[in-house]
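All remarks here apply to the structure that follows.
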Amino acid sequence: MKAFEYASPRTEREVLELLSADRGHTEILAGGTDLIGLMKKMIVKPDRVVSLNRVDSLKTIDANSTAVHVGAMVTLEDLADNPICEFYPAIRQAIGEMASQQLRAQGTVGGELCQRPRCWFFRDKRGLLAERGRAVEEGDNRFHAIFGNRGLAKFSAPSRLAPALIALDARVRILGPNPGDETLMPLEVFYRTPKSEREREHTLEPNQFVSQVILPHPEGRVSASYEVRHGMGPEYPLVAAAASVLVTGGIVREARIALGQVAPTPWISREAIDAIVGLPINYETAEAAGQAAVSVASPLSHNEYKVQLAKVAVKRALLKAAGLETGGLS
Amino acid sequence: MVEYVWPSKEDSSVLGKSIDKIDGVPKCTGTAKYSYDINPDKVAIARALGCPHAHAKLKSLDLSKAEKVPGVVAVSAMKKVGDEIQWQGDLIAVVVGDTEGAVAEGLDAIVAEYEQLDVFVEDANLEAAEAAGRTAKAGGKVQLEKEPDGDDPDFEEKELARLFKESAAVVEGRYGIAAITHMCLEPHGSTCEWKDGKLTAHLSTQNVSGTAGQFAAPLKVTADDVTVHCDYIGGGFGSKFAVDRWDSLAAQLSKDLGRPVRLMLDRDLELKNGGARPSGYAESKVGADKDGVIKVWDTHFLSAGGFGGAPVNQSVIPYVIVPPNYRRRGTNVKINTAPVRAWRAPNHPQGCAMTQTAIDDIAAKLGLDSYDVFERNLVNVEDKDRRGVYAEEMKIAAKLIDWKAKWHPHGKGDKKGSVVSGLGMALHTWGGGGHPSTCMVKIHPDGGVETFIGSQDLGTGTRTVIAIVLAETFGLPVEAIKVNIGSSKYPASGPSGGSTTVGGVSESSRHAGLDALVQLNEKVASKLGVPAESLVAKGGRIHAKDDAEKGLSWKEACSLLGMSPLEVTSKGAPGRNSKLSSSGVGGVQMAEVEVDRETGQVKMKKFVTVQDMGLVVNHKTAVSQIYGAMVMGVAYALFEERLMDPRTGAFLNSEIADYRLPRLGDIGEFVVEIYEPESERARGVIGLGEPPVIGPGAAISNAVANALGVRVPVLPLTPKRVLDSLQLAARNA
Ligand SMILES: Cc1cc2nc3c(=O)[nH]c(=O)nc-3n(C[C@H](O)[C@H](O)[C@H](O)COP(=O)(O)OP(=O)(O)OC[C@H]3O[C@@H](n4cnc5c(N)ncnc54)[C@H](O)[C@@H]3O)c2cc1C
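Top to bottom, those sequences are chains H and E. Under this note's numbering, the residues of the first sequence are numbered 1 to 330, in order. Under this note's numbering, the residues of the second sequence are numbered 1001 to 1733, in order.
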């Protein structure tokens, strides 16, 4: 780890004052479970680390009649334990699957959403785009993207929480660059596929940060997350899917379905949504939605199996949201 | 004349019982100090820089900027300009500093330029290896029952063809097992303290008695000036027998700097340099009669030992079940990885996984119960004496897993949605004879007992074994024996490899204990006026065998020693004539799994090991050792593998976060039974550290094949491999 200046501001305004407009000059520290590893490997080498740990305004969960506001510095454990999660089972399930007490207790909502990709070429210092896509294309890409991978970026988005939050139609509140600047945007818009090494996997400027996640009232929607994992450890799932559906009279009226670990961003499956809306959820329709989801998949040389997993994950997330048996190993 | 034997089971008070580890509490509470924990005053921290390329020539190396980083006290090159580097992570230079931070900055300030060379890491790909000129013939062996008629040059081929033609069932397949790393929780390295011309090296080692000389030579001193010390080691598994080049450098740096230096590899460099188990891939053709008894076997196998390392030894093909006719040929592949190192039961897990899977495929092909096929093939077990033992162990294991009730033909079990279940088994064998060991026993006039052996406890319970043997010998409680191991200054004992330690230290401790007791008994005998041969040490007393009243307490007996302690040093005498130890163990493992056909996920339901190991010294640690081996077996069967990028040769999963290992929730139910009838117990102590890690790969693979009706040919059986195999089978159908 390179020596750095450590700043521990108390207010959101002070945070913005400490963040630099130059990419890489400053980094934001939340729980540190990802950042510290990146710094130790010198994949990021900030001159200044700005900790959000003493900014109390980022640590609250407030609910009103239309929405829940979750501070970026709320820990994953505290979020999962909060009674509001009764209304958002997809969140509780996604956090529950993180099989590490340490990560749940130390990781934060903001950090989880902004953690960097696990792409092994990125972590081997070959860049986020991994030699302009070549490292992934010609190398071992078993864990890489099967959707949205025709550009240079082929990593898969790591967040476990994002598919659930996107399915739940969450927005993020972004502060900066200047004190008083504030942007609200849907979480799916927050993520983007970088086109050059100068871009990151989200739209934040270096002197902006996420202050809140805003969850709309579910208004009768039911939701679920389903992960296909390789073992019970803290490793990332192979593929994950989250679904939130509004069912009336036994028919799906509205649906939001998002996948994780399959594309450079959390992946909203329009195809799966179109396939299920207007139908009841049962084994056949869920299966068809899974099939529809992967109709646009473009697997790489070593990850065709993820297409099958994505299909199953969508199917099982829908069945789980509807309170039906998902099948699979217990 | 002392007779070196063990007491009978009925006569034993602690031998063979379940005894807690005497070092369990310090380990659990964290007071046990591992090499990594040794933190002498003013210790300087050293870290190494790894080469980012898998195959390259070092074109230039500039250390000057690193030397100027504040807090850096030394920078030392480990490669010269012009040197060829053969794997990613090979050590280029070492930076020593006052703090971890200074060292990290120093490492970052080193400027090295490389010329990249062609990379090859595809150890499973014979064609690519041949095209890249990366192959070498690995020798082989042909054994045929029939004598060649005349000197027909084609006899071998013709005879094999005839045997296959006569076979009722022939299976042809490819069976593989990927390379894994040792993943020692405590990485390789040492803390070295040079002081007044002498070195104390706190080395994480499996070989305290054998490493002092290795440190000495490069320092231009002799081994008597070196003390190697290792009280606790955080895993070695065969990878920590020697002083590594980074350990020698740490010693040299300590000498140069006049202060202690700690150099432990970080996780990434540990996985890249600290050792790996070689992979193996077998193309096999196996022929059997209608009952599944194997008559002929033909294998061509591939193995890669890494740069300069030894690949899988061909002698393990076929494995345990060796038919009368077989041929094995092999090719070694040269890949850009660090040399492999011995890994728990070297060669055997690979041999078992590459061959006993094919035997199970014979059962599948003939529609027979795998159990019956393995049982009938016991006629092919080379060591005739072992056949009956395996047969008994199979019966016990089958009962424990309820084989008969749960068995279904391959791929024909009940389905619960997409979930199917299956059973599989495997047999294993190992030596485990004791190594040379010397033990000094010291009995103090106040009754205190201490013992010194230059051995080491890998976490397996060596300390406790020594205490048990001497406690049994002296009729004392286990706590009464103060065990000292972990120093090269103690009487020499062998390295802990090949499951030789328990045999070795039991031998030497029993010899030393009995030799000391003879001397003590003589004093007691003359005091009591009874013949020394009539005395026994039991229940804290030394007394006449047939008159317990006639005796002295241990303390009273020891007080007869006078002013100075009784010191006895004895060597064990393992080998053919020993009644205390011998060699050769076996066991049976049976696994029950569930597989989700839609996701390729495999879940362990139940896993049974029945193991023989001669005389059990400590039942508790023996069972623990088997549990540990089973976890490690589940790991390489279902989770772990070293992933090398085919294009760049990069080691892709060299961090714990990316290197998959099972967690408690992944291992299912374990059942262990030690097979110790009097016939086995009478053989004396035999090592068990390695054997139970051999069979899990084959047993679990066979269970998955039984569940799916499709062989997933290469371990570990990841969701990807399972799905790929199902897809291939569907395409071929
Ligand atoms: C061994 C291991 C296994 C893991 N397994 C999983 C897993 O299975 N699933 C999973 O989802 N995660 C996993 N993680 C990741 C873990 O969940 C994340 O590292 C954690 O949630 C990040 O939260 P943090 O608060 O510690 O973030 P930090 O490490 O502090 O920050 C992460 C990144 O986000 C940025 N950041 C943090 N907060 C903000 C903010 N408010 N605004 C803008 N940028 C911000 C930081 O600058 C940094 O780049 C694993 C991590 C490890 C080390």
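All residues carry an ideal CB built from backbone N, CA and C; glycine is no exception. Note that the structure is predicted; figures quoted are calculated from it, not measured.
Checklist entry - If you draw a straight line from the C-alpha of residue 1181 of chain E to the C-alpha of residue 1652 of chain E, how long is it? => result As a position in the second sequence, residue 1181 of chain E is number 181, starting the count at 1. As a position in the second sequence, residue 1652 of chain E is number 652, starting the count at 1. Residue 1181 of chain E and residue 1652 of chain E: Cα-Cα distance of roughly 12 Å.
Next on the checklist: With three or more beta-carbon pairs closer than 8 Å as the criterion, would you say the segment 1255–1270 of chain E touches the segment 1041–1060 of chain E?
Outcome noted: yes
Checklist entry - Which word fits residue 1295 of chain E, buried or exposed, when buried means at least 16 other C-beta atoms lie within 10 angstroms of its C-beta? => result In the second sequence, counting from the first residue as 1, residue 1295 of chain E sits at position 295. Looking at its Cβ environment, which holds 16 or more other Cβ atoms inside 10 Å, residue 1295 of chain E is buried.
Checklist entry - Is residue 11 of chain H closer than 8 Å to residue 148 of chain H when the C-beta atoms are compared? => result To locate residue 148 of chain H, count along the first sequence from 1; it is residue 148. To locate residue 11 of chain H, count along the first sequence from 1; it is residue 11. No.
Checklist entry - With distances taken from CA atoms, which of E:1491, E:1600 and E:1152 is nearest residue 1441 of chain E? => result Counting from 1 along the second sequence, the entry for residue 1441 of chain E is found at position 441. Nearest of E:1491, E:1600 and E:1152 to residue 1441 of chain E, Cα basis: E:1491.
Next on the checklist: Can you determine whether any heavy atom of ligand 1 sits closer than 7 Å to the C-beta of residue 1623 of chain E, and answer yes or no?
Outcome noted: To locate residue 1623 of chain E, count along the second sequence from 1; it is residue 623. Checking the Cβ of residue 1623 of chain E against ligand 1 gives no.
Checklist entry - Grouping DSSP H, G and I as helix and E and B as strand, with all else coil, what is residue 114 of chain H? => result To locate residue 114 of chain H, count along the first sequence from 1; it is residue 114. In the structure shown, residue 114 of chain H adopts helical secondary structure according to DSSP, grouped into three states.
Item to check | Residues that residue 98 of chain H contacts on chain E, provided the C-beta gap is smaller than 9 Å | outcome: Walking along the first sequence from the start, residue 98 of chain H turns up at place 98. Within chain E, no residue comes near residue 98 of chain H; the closest Cβ sits about 13 Å away, beyond 9 Å.
Checklist entry - Going by the C-beta, is residue 98 of chain H closer than 7 Å to any heavy atom of ligand 1? => result Looking up residue 98 of chain H in the first sequence gives position 98. It does: the Cβ of residue 98 of chain H is within 7 Å (strictly closer) of some heavy atom of ligand 1.
Checklist entry - Name the chain H residues whose beta carbon is nearer than 9 Å to that of residue 1609 of chain E? => result Looking up residue 1609 of chain E in the second sequence gives position 609. Correct list: empty, because the minimum Cβ distance to chain H is about 21 Å.
Item to check | Per-residue burial, residue 1745 of chain E [other beta carbons within 10 Å of its own, 16 or more giving buried] | outcome: Because chain E spans 1001 through 1733 in this model, residue 1745 of chain E falls outside it and cannot be assessed.
Checklist entry - Span of the alpha helix (DSSP H) holding residue 1297 of chain E? => result As a first step, residue 1297 of chain E must be located in the second sequence, where it is residue number 297. First-last for residue 1297 of chain E: 1294–1304, but that is the beta strand (DSSP E), not the alpha helix (DSSP H).
Next on the checklist: Using the three-state DSSP reduction, which class does residue 1506 of chain E fall into: helix, strand or coil?
Outcome noted: Within the second sequence, numbered from 1, the residue matching residue 1506 of chain E stands at position 506. If DSSP states are grouped into helix, strand and coil, residue 1506 of chain E belongs with the helices.
Checklist entry - Hey, out of H:8, H:16 and H:306, whose CA is closest to residue 180 of chain H's CA? => result Translated into the one-based positions of the first sequence, residue 180 of chain H becomes position 180. Residue 180 of chain H has its Cα closest to that of H:16, out of H:8, H:16 and H:306.
Next on the checklist: Check whether the segment 1449–1457 of chain E and the segment 1716–1733 of chain E are in contact - that is, three or more C-beta pairs closer than 8 Å.
Outcome noted: no
Checklist entry - Looking only at C-alpha atoms, which of E:1699, E:1694, E:1700 and E:1682 sits nearest to residue 1009 of chain E? => result Along the second sequence, one-based indexing puts residue 1009 of chain E at 9. Ranking E:1699, E:1694, E:1700 and E:1682 by Cα distance to residue 1009 of chain E puts E:1682 first.
Checklist entry - So does residue 1679 of chain E have its beta carbon nearer than 7 Å to some heavy atom of ligand 1? => result Taking the first residue of the second sequence as 1, we reach residue 1679 of chain E at position 679. No, Cβ of residue 1679 of chain E sits at least 7 Å from all heavy atoms of ligand 1.
Checklist entry - Which first and last residues belong to the beta strand (DSSP E) in which residue 1428 of chain E is found? => result By one-based count along the second sequence, residue 1428 of chain E stands at place 428. From DSSP, the beta strand (DSSP E) with residue 1428 of chain E extends over 1419–1430.
Next on the checklist: Tell me which residues share the same chain as residue 1717 of chain E and place their Cβ nearer than 6 Å to its Cβ, disregarding the 5 neighbours each side in the sequence.
Outcome noted: Looking up residue 1717 of chain E in the second sequence gives position 717. So the list reads 1602, 1638 and 1704, once near-sequence residues are dropped.
Item to check | N-terminal and C-terminal residue of the alpha helix (DSSP H) that residue 1355 of chain E is part of | outcome: As a first step, residue 1355 of chain E is located in the second sequence; it is residue number 355 there, counting from the start. Residues 1348–1366.
Checklist entry - Mind checking whether the beta-carbon of residue 119 of chain H lies closer than 7 Å to any heavy atom of ligand 1? => result Here residue 119 of chain H refers to the residue found at position 119 of the first sequence. For residue 119 of chain H, the distance from the CB to the nearest heavy atom of ligand 1 is not below 7 Å.
Next on the checklist: Tell me which residues share the same chain as residue 1450 of chain E and place their Cβ nearer than 7 Å to its Cβ, disregarding the 5 neighbours each side in the sequence.
Outcome noted: Mapped onto the second sequence, residue 1450 of chain E falls at position 450. Once the five neighbours on either side are set aside, the close Cβ partners of residue 1450 of chain E are 1442, 1482 and 1484.
Next on the checklist: Suppose the cutoff is 8 Å on Cβ atoms and the five residues either side in sequence are ignored; what does the same chain contact list for residue 1257 of chain E look like?
Outcome noted: Against the second sequence, residue 1257 of chain E aligns to sequence position 257. Residues 1044, 1073, 1074 and 1096 of the same chain have their beta carbon placed closer than 8 Å to that of residue 1257 of chain E, with the five preceding and five following residues left out of the count.
Next on the checklist: Can you tell me whether residue 190 of chain H sits near ligand 1, meaning its C-beta is under 7 Å from at least one heavy atom of the ligand?
Outcome noted: Residue mapping note: residue 190 of chain H aligns to position 190 of the first sequence, counting from 1. It does not: the Cβ of residue 190 of chain H is nowhere closer than 7 Å to a heavy atom of ligand 1.
Item to check | Start-to-end residues for the beta strand (DSSP E) that takes in residue 183 of chain H | outcome: Residue 183 of chain H sits at position 183 when you count from the first residue of the first sequence. Looking at the DSSP string, the run of the beta strand (DSSP E) that includes residue 183 of chain H is 182–186.
Checklist entry - Taking C-alpha atoms, which residue in E:1035, E:1370, E:1475 and E:1042 lies nearest to residue 1291 of chain E? => result By one-based count along the second sequence, residue 1291 of chain E stands at place 291. Ranking E:1035, E:1370, E:1475 and E:1042 by Cα distance to residue 1291 of chain E puts E:1370 first.
Checklist entry - Should the segment 1530–1537 of chain E be regarded as contacting the segment 1545–1565 of chain E, the criterion being three or more beta carbon pairs within less than 8 Å? => result yes
Item to check | Proximity winner among E:1346, E:1341, E:1312 and E:1099, relative to residue 1261 of chain E (alpha-carbon distances) | outcome: Taking the first residue of the second sequence as position 1, residue 1261 of chain E is located at position 261. Nearest option by C-alpha distance: E:1099.
Item to check | chain H contact for residue 1120 of chain E (CB, 8 Å cutoff) | outcome: By 1-based counting over the second sequence, the position of residue 1120 of chain E is 120. Not one chain H Cβ lies under 8 Å of residue 1120 of chain E.
Item to check | residue 212 of chain H: first and last residue of the uninterrupted beta strand (DSSP E) it sits in | outcome: By one-based count along the first sequence, residue 212 of chain H stands at place 212. Residues 209–216.
Next on the checklist: With a threshold of 8 Å between beta carbons, is residue 1601 of chain E in contact with chain H?
Outcome noted: Indexing the second sequence from 1 puts residue 1601 of chain E at position 601. Closer than 8 Å: yes.
Item to check | Chain-ordered chain H contacts of residue 1652 of chain E [CB-CB under 7 Å] | outcome: As a position in the second sequence, residue 1652 of chain E is number 652, starting the count at 1. Chain order gives the chain H residues near residue 1652 of chain E as 120 and 140, where near means a beta carbon separation below 7 Å.
Checklist entry - Start and end of the alpha helix (DSSP H) containing residue 1620 of chain E? => result One-based indexing of the second sequence puts residue 1620 of chain E at position 620. Unbroken alpha helix (DSSP H) run through residue 1620 of chain E: 1619–1634.
Item to check | Residues that residue 124 of chain H contacts on chain E, provided the C-beta gap is smaller than 9 Å | outcome: Here residue 124 of chain H refers to the residue found at position 124 of the first sequence. Here the neighbours are 1052, 1088, 1645, 1648, 1650, 1651, 1652 and 1654.
Item to check | chain E within 8 Å of residue 230 of chain H, Cβ atoms only | outcome: Taking the first residue of the first sequence as 1, we reach residue 230 of chain H at position 230. Cβ-Cβ to chain E under 8 Å: yes for residue 230 of chain H.
Checklist entry - Going along the chain, which residues of the segment 295–311 of chain H sit with their C-beta nearer than 9 Å to a C-beta in chain E? => result 302, 303, 304, 305, 306, 308, 309 and 311
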